[in-house]
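Each residue of the sequence shown is one higher than the last, beginning at 1 in full-length UniProt numbering. No residue lacks a Cβ here, since even glycine has one placed at the ideal position from N, Cα and C. Here the structure is a predicted model, which means the values were calculated and not measured. Scroll down for the structure; my scribbles are underneath it.
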Amino acid sequence: MNNQKRVQILERLRAENPHPQTELNWSTPFELLIAVLLSAQATDVSVNKATDKLYPIANTPQAIFDLGVDGLKTYIKTIGLFNTKAENVIKTCRILLDQHNGEVPEDRQALEALPGVGRKTANVVLNTAFGWPTIAVDTHIFRVCNRTKFAEGKNVDQVEQKLLKVVPAEFKVDVHHWLILHGRYTCIAR
């Protein structure tokens, strides 16, 4: 696919949805980080059901840390891999409290040092909470980019690098959301 065609597609996506948002419920960078940590191998709907119960009770690193692993599990037990996720969330809260004054760092290396946080999660947080032009490639984006030849690659890292290279700067902050939504609702898995 050539760049002119890519720009046409991006302009259409922007016209359809000028201010795309994540479907996860969050109001602070910390809430987003926890929601994204919980979202691995889970739907946004299931994560939102859990965080809608959790966040009114505990939505800061200290409050969630104070719940402890077992206390946190009572809120997230409906989400797959909840045992591992609870451990990672509590460890993450401890690190945020000890090393980052209870704040989510706006730094890739610091984010990726948190338990359960890899490149994709760091990209989501940097993009969605802080407005960085990062692109988190999930299964939906990977499928859309390869099926349409928008940005082909053999793995998510290759697709991410291709997207960063071919997407014009004016679209980079929103392209992640447009492609995910397109993959979830239009260019669906067969």
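- For valine 166, the uninterrupted alpha helix (DSSP H) run begins and ends at 156-166, by DSSP.
- Distance from the Cα of isoleucine 90 is smallest, within the candidate group Ala189, Pro168, Ile34 and Lys165, for Ile34.
- Rounded to the nearest whole angstrom, the C-alpha separation of asparagine 17 and leucine 181 is 10 angstroms.
- Between lysine 120 and aspartate 138, the C-beta gap is smaller than 9 angstroms, which places the two residues in contact.
- Contact annotation, lysine 85 with glycine 118: C-beta distance approximately 14 angstroms; criterion of less than 8 angstroms not satisfied.
- In its chain, beyond the 5 residues on either side, Thr78 and Ile79 have a beta carbon closer than 7 angstroms to the beta carbon of serine 46.
- Looking at Glu31, Cys145 and Asp70, the one whose alpha-carbon comes closest to that of glycine 183 is Cys145.
- Contact between the region 139-158 and the region 95-115 is absent: fewer than 3 CB-CB pairs across the two stretches fall below 8 angstroms.
- In terms of Cα proximity to isoleucine 95, the closest of Leu37, Leu114, Gly131 and Asp107 is Leu114.
- Tyrosine 55 counts as buried, since no fewer than 16 other beta carbons sit within 10 angstroms of its beta carbon.
- Distance between glutamate 160 and alanine 136, taken at the CA atoms: about 7 angstroms.
- Rounded to the nearest angstrom, the Cβ distance from asparagine 59 to leucine 24 is 13 angstroms, too far for a contact under 8 angstroms.
- Valine 175 places its beta carbon less than 9 angstroms from that of leucine 10.
- Judged by DSSP secondary structure, tryptophan 178 falls within the alpha helix (DSSP H) whose first and last residues are 169-185.
- Along the length of the region 101-156, whole alpha helix (DSSP H) runs at least 4 residues long occupy 108-112, 119-128 and 139-148, reported in chain order.
- The closest CA to that of threonine 134, considering only Asp66, Thr186, Lys162 and Gln62, is found on Lys162.
- Nearest C-alpha to asparagine 3 among Ala169, Cys187 and Val124: Ala169.
- The straight-line gap separating the alpha-carbon atoms of glutamine 8 and tyrosine 75 is approximately 44 angstroms.
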